[in-house]
Amino acid sequence: MCVALSIVKTLDQINDFKILVKQALNQGFDINMKDGDHCTLLYYSCTLKLYEIAQFLLENGADPNIRNTVYDQITPLSVVRTQPKTEQSIYLTKLLLQDSLLKLCQNNDFKIIDNSITVKDIEEFIDWRMSISSKNNEFISYHLKELHNLQNHLVRNTKFSNSEIIQKLDSILITAEDYNKSFE
């Protein structure tokens, strides 16, 4: 199926591919199966910028947390993150993040939320913000808004109100806001 994915270009071919995947799933096909290069269909659909197919695969149980074992252990989200920012790629990034976090939570009895922001995450965020150029700084305010929404949600949820995660998120927000001011 990965070979079939590489020739998908038109809307008709996308629809045909979806039908093929549905039929395969009905016959027991593992949507998270890896090919000889240890990559999944979701990984390839993200690599080839076939965002509609990636969304379809997520809706049908594809796991966005599966890392390929050949190309630097990266996930589909890592692939999309390196691509030019378009409305479609931003939407897919959001879907991948939501689906990824949901699967991690379900696989860990929903305990992952409290441990999801670590010092490593903060360091990666700082590295990420250092790579932002003035050409694409319009995304900073969008990400700040998302971080504030997450912070508000966690503060309102009594389970996390006194959590270390709030402190870490505060640290991220301060860093991000300072960085955002440098572009104003």
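Residue numbers (full-length UniProt numbering): 1 to 184.
We put the beta carbon where it would ideally sit given N, CA and C, even for glycine.
LEU150 places its beta carbon 9 Å or farther from that of ASP99. Between the C-alpha atoms of SER78 and ASN60 there is a straight-line separation of about 20 Å. The three-state reading of DSSP puts ALA54 in helix, counting H, G and I together. For ILE14, the closest of ASN68, LYS85 and LEU50 by C-alpha to C-alpha distance is LEU50.
Secondary structure at PHE29: coil, using DSSP grouped into helix, strand and coil. By the neighbour-count criterion, in which 16 or more other beta carbons inside 10 Å mark a residue as buried, ASN26 falls on the exposed side. The DSSP-derived three-state label of LEU77 is helix. Rounded to the nearest angstrom, the gap between the Cα atoms of ILE174 and VAL70 is 37 Å.
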